[in-house]
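My numbering numbers the first residue of the sequence shown as 129 and each following residue consecutively.
Quick reminder that beta carbons are idealized off the backbone N, C-alpha and C, glycines included.
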Amino acid sequence: MAELPALPQDFTYSAEHEWVNATADAVVGATVRVGITAVATDALGEIVYVDLPAVGDTVTAGETCGEVESTKSVSDVYSPVTGEVVAVNEAASDDPAIVNSDPYGEGWLFEVAVTATGELMDAAAYAEANKL
């Protein structure tokens, strides 16, 4: 297993390996970025394609809203929050490799104006659940 990038401590995480760039108490009412964790990118291998929701779409916490395809497999992306998609990362669509190289930064997937959250955990709980 490759060494994974440091887990951002001020993000929250879903059991399905998505991240939100805000702490749990700051998510509802905010516009947040969503991406997949380094745990997911490491398991998937080289990502070659991303299919993201469109701006204006409504996503629902815990439900699929896109997919990432790697040289190994195709994996669903689950929204960790409910709300309206307000932006998508065109750079990730154009060059999916940035999801592997910078999963917590330039490799973000989409932004959501949040109305509700799903089950999210802090960095310590996510690290423990994934034995990081």
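Three-state secondary structure (DSSP) of residue i
i: Tyr254; result: helix
i: Ser221; result: helix
i: Val167; result: helix
i: Ser142; result: coil
Per-residue burial, residue i [other beta carbons within 10 Å of its own, 16 or more giving buried]
i: Ser203; result: buried
i: Tyr141; result: buried
i: Ser221; result: exposed
Pick from the options that is closest to residue i, judged by C-alpha positions
i: Val183; options: Ala150, Val213, Lys200 and Gly246; result: Val213
i: Cys193; options: Asp179, Ala171, Ser201 and Lys200; result: Asp179
i: Val176; options: Val242, Asn228, Ala241 and Trp236; result: Asn228
i: Val162; options: Val209, Ala168, Asp138 and Ser198; result: Val209
i: Ala255; options: Val155, Val156 and Val167; result: Val167
i: Glu174; options: Ala189, Asp230, Val187 and Ala134; result: Asp230
i: Glu146; options: Lys259, Ile164, Thr169 and Ala189; result: Ile164
Assumed close pair residue i, residue j - CB separation to whole angstroms, cut-off 8 Å
i: Ala265; j: Pro136; result: Since the displayed the chain opens at 129 and closes at 260, residue 265 lies outside it and no answer follows.
i: Val205; j: Leu248; result: Between Leu248 and Val205 the Cβ distance is about 15 Å, and since that is not below 8 Å, they are no contact.
i: Thr245; j: Ala152; result: 7 Å
i: Val196; j: Val240; result: That pair is no contact at about 17 Å.
**Study point:** Contained alpha helix (DSSP H) runs [length at least 4] in the segment 145-205, N- to C-terminal order
**Key:** Considered as a whole, the segment 145-205 harbours 166-172 as its complete alpha helix (DSSP H) runs of no fewer than 4 residues, in chain order.
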